[in-house]
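Protein chains in written order, with this note's numbering: chain A, 1 to 386; chain B, 1 to 386. All C-beta atoms, glycine included, are put in the ideal place defined by N, C-alpha and C. These notes concern the structure reproduced below.
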């Protein structure tokens, strides 16, 4: 186990019929709220009205800042910061998934400084304080609701950058599984794939060979994400399935599994990012294509951890290399079973594009300090995704 | 999964050579520290000097309050509160295991109120603020370093009462596994047993049949506590063994596994408490006697969860009742293998004493609201420990 510092001060309020608590929790942090949300869905199912009433019932003033898109953009964040400053906003409320919460985090950081918020992403300025943030989560996927990370795309420069900071952890996040009853099957599956990817990036890239309790946690999470996603797809209103999926997705990236792993990388996200950037495929759909290819490439060289994965997650027995490969096959089959694509062709991407995709990914490899990846290795991984 | 609120703001600094950070961390919280510790061991291995130097190097004034005993007592807590008040102490530093940290928690709560601290334990007053608390942990066992619970014995009234509150979570806890190299074999094992007991109380007493991710976490913890304790006993300076054991013991009772379980009970602790109270046996030693007996009693009535335990923790296969019983046998064998007793006779307790022990435990059953336990059921469980 590597040395670590763990601090996750977010208060999680989890369960059915907890959304009504957003007003009371937020009113303890400020009087004038900026309500950040996405496009249609929160209005469609009455969630918008519920949150707004809960806030105004506490005597709060609420200013709307809707319209966050997936792969959230800097211009919208900047507009939010301007609105927050002009209206003396003293607390941010995010109602949505990872894109909305990430936008709200960028607004909370940018609203308390004079300089442009993008300087935080470029590493030119450090976040030293933020406006308070409360969240109502609507999608089990990204994990932003209980961590201090955020990813924003600068449309002008075509940069999609992320940064993390202890001041970005939401003060309070409300996780009500019943809100996700209306998430369609494809996005339920993509969310599950995203959460599995977060876990497996850590699991397979830690350089520490002695992370036994973290391994058990991560294996348990993968098993449960598959099981609970299956329940949610079979019956979208299966409370226990939605609840387990929601909590597992949060746990996948809240720092608990990573504590003690030391340095980890995000190579599968790096390659997927190029698919999203070049072909605008959903993040989870891109990940389920990249993951088996990346895993096979790695397992050929270092089968041990992959064998452990096959053995513990899928109960396989046999030689190390057999179990390693069979475990990857079974994960891939599971992706197919939830109708998340596993081949480039399913995303309508031609093998001829592989050099261009690899080249795009390479620029991120440099930013993310994934030194062992070059044009050739990324192409080889992508060839395994044909 | 049941609704829950989770909030654990403790900053954990984990790893080798982290103790030196205690001064810097504490100096951010106050200028005048009360240093709470136990008896000999922290002086013997140079830890006392290291902590004191780290604090004074930051310009802090430090007042000693040593002498905490295991099963920490109210009179010593009261003396600490008086010392804190008279000397305008503004931060508490605990260096020790669960007894020391619990005493420090009681002092931090009592030092900011006019009334007697025991009123918090009797439920007559609520904790609404505390002095800050930093900890250096010296024993992998109780889990107090990352939770808001404390247990203190009132020697005058013979009451051993516990209470919990969000203001009691340590601000910072330093967990350096190398400090535990000097913990003797018996207390290393008792600590592991205590941590396993914390997990299994939750695991077997939750009334919710749908806690799948929590189950995986708890099973993973039990597996790792057994493995890491084995490593630590084989080689007391095995860093990875000590590190894994230390972190697992913290995770066993920091709220993460319990989130979503709903109401749980502590029936094994209830019965063990009588053994400790009447015969002054070490807590872990008493637990390893009570646990198999309690588990067999429960498994006869509700084998399902015990079968899951045998299957997942020990890899057993067979009929539900067979796997349930065999799993308990294997846990009991493991207790024996680490030389923690599993029979009342090993504690020199006669079967004739069972009615008196049960009667003592019964008084706690009322306080802890374990309504399903009466004189007869407790006697029956204890007969299984002969």
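Review point. Going straight from the alpha carbon of residue 399 of chain B to that of residue 89 of chain A, what length do you get?
Key: This structure leaves residue 399 of chain B out entirely; chain B is present only between 1 and 386.
Review point. From residue 76 of chain B to residue 95 of chain B, what distance separates their C-alpha atoms?
Key: 16 Å
Point to revise | Local conformation of residue 177 of chain B per DSSP, three classes | key: Residue 177 of chain B: helix per DSSP, three-state reduction.
**Study point:** chain A contacts from the segment 251-273 of chain B (Cβ-Cβ distance under 9 Å)
**Key:** 251, 256, 259, 260
Check your understanding: Is any beta-carbon of chain A found at less than 8 Å from that of residue 294 of chain B?
Key -> no
Exercise for review: Can you say whether residue 252 of chain B is buried or exposed, counting buried as having 16 or more other CB atoms within 10 angstroms of its CB?
Suggested key: buried
Practice item. Establish whether the CB of residue 143 of chain B and some CB of chain A are separated by less than 8 Å. Key: no
**Study point:** Test item: CB-CB of residue 193 of chain A and residue 288 of chain A under 8 Å
**Key:** In this structure, residue 288 of chain A lies closer than 8 Å to residue 193 of chain A by Cβ.
**Study point:** 8 Å Cβ cutoff, residue 150 of chain B in contact with chain A
**Key:** No, no contact with chain A.
Exercise for review: Would you please verify whether the beta carbon of residue 15 of chain A is less than 8 Å from any beta carbon of chain B?
Suggested key: Chain B, which has a Cβ nearer than 8 Å to the Cβ of residue 15 of chain A, makes this yes.
**Study point:** Cutoff 8 Å: residue 244 of chain A Cβ touching any chain B Cβ
**Key:** yes
Review point. Should residue 189 of chain A and residue 340 of chain A be called a contact, given that it needs their Cβ atoms to be closer than 8 Å?
Key: yes
**Study point:** Cβ neighbour criterion (16 or more within 10 Å) applied to residue 124 of chain A
**Key:** exposed
Review point. Considering only the beta carbon of each residue, do residue 65 of chain B and residue 19 of chain B sit closer than 8 Å?
Key: no
Review point. Roughly how many whole angstroms lie between the Cα atoms of residue 12 of chain B and residue 16 of chain A?
Key: 31 Å
Review point. So with Cβ pairs under 8 Å, would you call residue 70 of chain A a contact of chain B?
Key: no
Review point. DSSP on residue 65 of chain B, reduced to helix/strand/coil?
Key: strand
Review point. Closest by CA to residue 271 of chain A, which one among A/259, A/260, A/285, A/258?
Key: The candidate whose alpha carbon is nearest that of residue 271 of chain A is A/285.
Review point. What does residue 18 of chain A reach in chain B if we use C-beta pairs closer than 7 Å?
Key: In chain order: 3.
Exercise for review: Pair every Cβ in the segment 373-386 of chain A with every Cβ in the segment 139-157 of chain B, then say whether three or more of these pairs are closer than 8 Å.
Suggested key: no
Exercise for review: Pick out whichever of B/84, B/352, B/295, B/336 has its Cα sitting closest to the Cα of residue 325 of chain B.
Suggested key: The candidate whose alpha carbon is nearest that of residue 325 of chain B is B/295.
Check your understanding: How about residue 98 of chain A and residue 141 of chain A: are their beta carbons less than 8 Å apart?
Key -> Yes, Cβ-Cβ distance for residue 98 of chain A and residue 141 of chain A is below 8 Å.
Exercise for review: Measure from the C-beta of residue 126 of chain B to each C-beta in chain A and report whether the shortest distance is under 8 Å.
Suggested key: no
Check your understanding: Given a threshold of 16 other Cβ atoms within 10 Å of its Cβ, counted over all protein chains shown, does residue 180 of chain A qualify as buried or as exposed?
Key -> buried
Practice item. Could you give the DSSP three-state label for residue 166 of chain A: helix, strand or coil? Key: helix
Exercise for review: Compute the beta-carbon to beta-carbon distance between residue 21 of chain A and residue 174 of chain A, rounded to the nearest angstrom, for a pair I have assumed lies under 8 Å.
Suggested key: 6 Å
Review point. What residues of chain B sit near residue 220 of chain A, judged by a beta carbon separation below 7 Å?
Key: 213, 216, 217, 220
Review point. In chain order, what residues of the same chain lie with their CB nearer than 7 Å to the CB of residue 100 of chain B, ignoring the 5 residues before and after it?
Key: 36, 37, 38, 68, 94
Practice item. Output the distance between the C-alpha atoms of residue 143 of chain B and residue 198 of chain B, rounded to the nearest integer angstrom. Key: 9 Å
Point to revise | With 16 other Cβ atoms within 10 Å as the buried cut-off, status of residue 110 of chain B | key: buried
Check your understanding: Going along the chain, which residues of its own chain have a beta-carbon closer than 8 Å to the beta-carbon of residue 8 of chain B, five neighbours each way excluded?
Key -> 146, 147, 169, 254, 255, 256
Exercise for review: Output, in chain order, the set of chain A residues within a Cβ distance shorter than 7 Å of residue 248 of chain B.
Suggested key: 213
Review point. At a cut of 8 Å, does the segment 231-250 of chain B reach the segment 231-248 of chain A through at least three beta carbon pairs?
Key: The segment 231-250 of chain B makes no contact with the segment 231-248 of chain A: fewer than 3 CB pairs, one atom from each, lie closer than 8 Å.
Check your understanding: On the premise that residue 221 of chain B lies in contact with residue 291 of chain B, defined as a C-beta separation below 8 Å, what is that separation, rounded to the nearest angstrom?
Key -> Taking C-beta atoms under 8 Å as the contact rule, residue 291 of chain B and residue 221 of chain B fail to qualify, at a distance of about 15 Å.
**Study point:** Closest residue to residue 80 of chain B among B/379, B/106, B/119 (Cα-Cα distance)
**Key:** B/106
Review point. Residues in its own chain within less than 7 Å of residue 358 of chain B by CB, not counting five upstream and five downstream?
Key: Only 375, 378, 379, 382 meet the Cβ criterion.
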